[in-house]
Every structure is written in C-alpha cells, then in structure tokens.
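J.: Below is one structure. I have some questions about it.
Residue numbers (our numbering): 18 to 574.
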C-alpha cells in the first residue's frame, strides 16, 4: 500500500504544479495521509487483518478530497491511484461487492468533484485505471491460487508416502524394534513347538519368520535402516583407505540399529559423516528422527550430526510481475494519455506476457537462468512500445499543457518484471537494469515533438515505474515466508494423521502378535514333553508381557 501511493505524495513536492492548496496546508495533508498509510500498513502486518470496513470509507473520502482540490486541467488518474490498494485487494480476494464499491464509488466521486467545479464529469479516465488495477488484482489472485493448488497437490502426494512410511515404521517398531523382543520370544516358542509337534507347528513358524523377512526386504526397498547406512558407509571408507589405522567402523546402539530413515535422510547423514575426521570404532546415537520433515539429530562422539528438516518451497511470484507488466502496457491505450489504438497495445501486452510467461514456465526450476531471460523480454517492451507510440500516439501533451511521456506504461512494465526477478538477477544485471531503463526514459521524453518536459515533471512520471519496481521487490520479500507457512500448516495436519496411522498400525501388529501367541498357546497343551511345554509356555508368557508393555508405551498419557 505504501509503494502504491507514495509517488502521489512525492509528486506534491517535486512536480511543477501540485494541489491548489497553499504550501503549509498541502504539506500537512500529505503528512497526515502518509502517517495514516503507515499506521494501517503496520497494523495489517501485525494482525493479518485487512481493516476494510475502516479503510474503504476513509480512502473514498481521501479520493474525493484529492479530486476536489486538483487543478482543473489535470486528469483524475492521481485521485484514482489512491484507491489502487483497495481495488487490487478486493479483486484478489474475490470480494466483488467491495470491488464494485471501490470502482463505481471512485468514478462517481471523481465525476461529482469535477461537476462541483463546473467541469464535465469525464468518468472515463478514473474508470480506465481502476479497471487496470482490478485486472492486476485478479491476476494476482489467480496466480496465488494456482500456485497454492500446485503446492497442495505436491504435498498430498508426499502425504500418501508419509502415511505409508508411518505404517512401515510401526511394523518395524513392533516386529524388529521396541517390540522385537516380543517377536523373538514368540519365534522361540514356535521353534520349540515345531520340535515337539512337527508339521503342525512348522508351517506356522515358517509363515511367521517369512513375514518378518518380507518386512525387512520391503523396508530396505523403500527406506534405509540406520545399521545398513552405517555399515555401508564404513565399508566404503575402508575401501578408499589403504592404512588399517585409518579404517573406520561405525555402529549404532542396539535401540537405534533398526531405526528407519528415508532415503533423503540417509543421503544427508552420509554426506555429513564423510566430512568428519573419523577413524577407528565409533557409536552413532540418534536423538531424533522425523520422517515428516526429514530432520535427524545424532551424535558421533563429540561430533553433532544434524539433517535439517525440509522447508516449504518459496512460492513463485515472478508470474505476478509479468501480469503487472502486461497490464501496465495496456495503460498506453488510455484516451487521456497516449491514446494509442487498442489493437497495437493489446498485441504488445500479449506478446510480452506470453513470451515472458513461457520463458518462466520452461526455466522456473532454474531461477538463475530464468531471471535474466524474463528480464530481457521485459526490457524488450520499451523499444517496441516506443516504436508503437511514435507511429500511433495521439497525445503528447495533457489538457492543462503538461508535456508527457506517452510510453510510460512500457517503462512501468519493464521495471515491474525487473522487481519481480530482482532476487534472482546477478549483480551486473541489477546494476545495468535501472540505468538502462531510466536512460531510455530520459532519451524518449526529450524527443517529445512538442518540446522537452520539465525535469521535475519527468521525475514525477518516473516515480510511477520506480514505485512499481520497489513494490514488486517488497512484495517478493514479504511473500517469501508464505510457502513456509503453508508447509508448516500442512505438516501439522499431516503429523496428526501420521500419528494416528502409526498408532493404528502398531495396534494392528500387536493384535496380530497376540493372535499368534493365542494360537501357539492352544498347541502347548498337546506337547507331551514337560520340559519343552514349560519352555514354550514361558516364551509365550514373556511375549505376552512384552506386548503389554509395548501397548502401554504406545498409549497416550
């Protein structure tokens, strides 16, 4: 909001002619408006609220007062610019009632202000630019929604994988990890029963053993056991070190050996281990492993290992600057300013938009390549628009006699793309971009066939594209955290569903083991050898007790 209106305030101090108010009054009013904007902006940043019920009447009142105090020969574009933030936000939020109130109310107030001074209403100028602002808001909304939908779809795919991974972890926990002792006791009981009863118990023992082996094989296909990661890394290190004294032997604590890591976690852990100056035998202690974000914290002696969690991806807002650029070029068709025929303007705007959008889409995963390509396409808008303006422009002077730069929309569009790609541009391109556009602007302004505009007027007009560029840079920085906020919100929901999936899988595995214990106990009575019967019963009792402990450990407090 600050960057959308600050050039209007600045113009009152550097333009050849400002309001019809006296200097002290003008300064006080502008200072009050700046303070109001800054206060609202700060409150919105802190609370996340839009304060539309407060801002709408105040901004309409400001617009009416601004329009009423303007010189008679000046277009009412500057008054309409005061409503730019509300128009963009209303369109972006699909609040069509507020959008209608802003646009219709703004046009009506400007017309009433003119008629109150005995001038024709001339609603076309404010209506034209309010429509442009609304188009920018609609473009921003469409891009944001599309981007969020793409991120959500990607996350849902990962969610399915995470839920499956949680179930896999649960099975490993019961059969190989914390519940492994219960499974071992049950397996020992089946072995004793097989020795005493033969085929009646042999098939059940084989089936139980096969299920554990199948789980291990399945896990190793989809994930990595910590013990496997350490053994493979140690073996690889020994093959590359000739001296036995330099050999490395890594092992995990018994409780951590069968900890399941994702492939990404395992790769990152290996990369960190490779950078440590380790030789001899060491034990890796895992303190924390989160499969949802991929974070792992561990220690090898005095060395801390940390696999950072996955962060939300930055949402790509470069397309918004392309939309702003294309829509800004449309301003060249304004009857109050350039009055270039609509056909050529649409062709230039569409051409720049399609070319820049296609370049971004093809190269979006390579931002350092994408940014200069998209920027170069944006720079192309300037000479094309200048050529079109020189051959078709009907206005080089405003009704009050102010000389102007009719291709201002093209300069605005170029600097909008510059601001949108600024973070990815190399330093030389950054240093080149602004002077290149400003020098082209000055050269073009000085070639006005009716004379050279005053320097102060040229500075005022240049405020608009510079404000757009700075606004895009600020917008990009402000939205860097949006992807992380969405990711954190989705992870919180996924954590709850994964915890439930994990608990359900543990309960199912424990229930299956209890059924195995019950089936084995039913056969114990058929064992004639009292010693074998006693040992099998003891093993089953041990398994049942360990399962009970596991259930108590998994239950919520």
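Idealized CB from N, CA, C, for every residue including glycine. In this text, all values refer to a predicted model and were calculated from it rather than measured experimentally.
1) Per DSSP, what kind of secondary structure is residue 38 in: helix, strand or coil?
2) Taking the alpha carbon of residue 100 as the point to measure from, which residue in 79, 517, 471 has its own alpha carbon closest?
3) Report the option in 227, 268, 298, 118 whose CA atom is closest to the CA atom of residue 261.
4) Mapping DSSP to helix, strand and coil, what is residue 305?
5) In whole angstroms, give me the CA-to-CA distance for residue 93 and residue 141.
6) Would you mind reading off the limits of the alpha helix (DSSP H) that contains residue 75?
7) What residue from 96, 25, 312, 63 has the CA that sits closest to residue 130's CA?
8) What does the alpha-carbon distance come out to for the pair residue 541 and residue 253?
9) If contacts are defined as beta-carbon pairs under 8 Å, then residue 359 and residue 350 qualify, I think. What distance do you get, rounded to the angstrom?
10) Alpha carbon to alpha carbon, how far is residue 483 from residue 518?
11) Hey, residue 507 and residue 467: beta-carbon distance below 8 Å or not?
12) Determine, using beta carbons only, whether residue 339 and residue 392 come nearer to each other than 8 Å.
13) Using 8 Å as the threshold, is the C-beta distance between residue 118 and residue 73 below it?
14) Report yes if the C-beta of residue 445 is less than 7 Å from at least one heavy atom of the ligand FAD; otherwise report no.
15) Since residue 440 is in the alpha helix (DSSP H), which residue starts that stretch and which ends it?
16) Using the Cβ count rule (16 or more neighbours within 10 Å means buried), how would you classify residue 167?
17) Kindly indicate which residue of 377, 343, 376 has the alpha-carbon position closest to the one of residue 361.
18) Determine the closest residue to residue 170 out of 525, 504, 562, with distance taken between C-alpha atoms.
19) Would you kindly work out how many angstroms separate the C-alpha atoms of residue 27 and residue 480, rounded to a whole number?
20) Drop a sphere of 10 angstroms on the beta-carbon of residue 29, count the other beta-carbons inside from all chains shown, and report buried for 16 or more, exposed for fewer.
21) Does the separation of the CB atoms of residue 567 and residue 206 fall below 8 Å?
22) Locate the beta strand (DSSP E) running through residue 320, then write down its first and last residues.
23) For residue 269, report the span of its beta strand (DSSP E) as first-last.
T.: On the basis of the data shown:
1) Below a pLDDT of 50, predicted positions are generally treated as unreliable, and residue 38, at 45, falls in that range; the measurement from the model is reported next regardless. Residue 38 falls in the coil class under three-state DSSP.
2) The option with the nearest alpha carbon to residue 100 is 79.
3) For the residues 227, 268, 298, 118, the minimum Cα distance to residue 261 belongs to 298.
4) Strand at residue 305.
5) Residue 93 and residue 141: Cα-Cα distance of roughly 10 Å.
6) Start and end: 69-85.
7) Looking from the CA of residue 130, the closest CA among 96, 25, 312, 63 belongs to 96.
8) One C-alpha to the other measures close to 48 Å.
9) Residue 359 to residue 350, Cβ: 5 Å. Contact.
10) Straight-line Cα distance between these residues: approximately 53 Å.
11) In this structure, residue 467 does not lie closer than 8 Å to residue 507 by Cβ.
12) No, the pair does not count as a contact, with Cβ atoms beyond the cut-off.
13) Yes, the pair counts as a contact, with Cβ atoms nearer than the cut-off.
14) You won't find the ligand FAD in this model; it holds no ligand whatsoever.
15) First-last for residue 440: undefined, no H or E at that position.
16) Exposed is the call here.
17) Residue 343 is the option with its Cα nearest to residue 361.
18) The shortest C-alpha separation from residue 170 is found at 504.
19) In this structure, the CA atom of residue 27 is about 8 Å from the CA atom of residue 480.
20) By the 10 Å Cβ count, residue 29 comes out buried.
21) Their beta carbons are not under 8 Å apart, which means residue 567 does not touch residue 206 by this criterion.
22) Looking at the DSSP string, the run of the beta strand (DSSP E) that includes residue 320 is 320-324.
23) Where residue 269 is concerned, the enclosing beta strand (DSSP E) stretches over 265-269.
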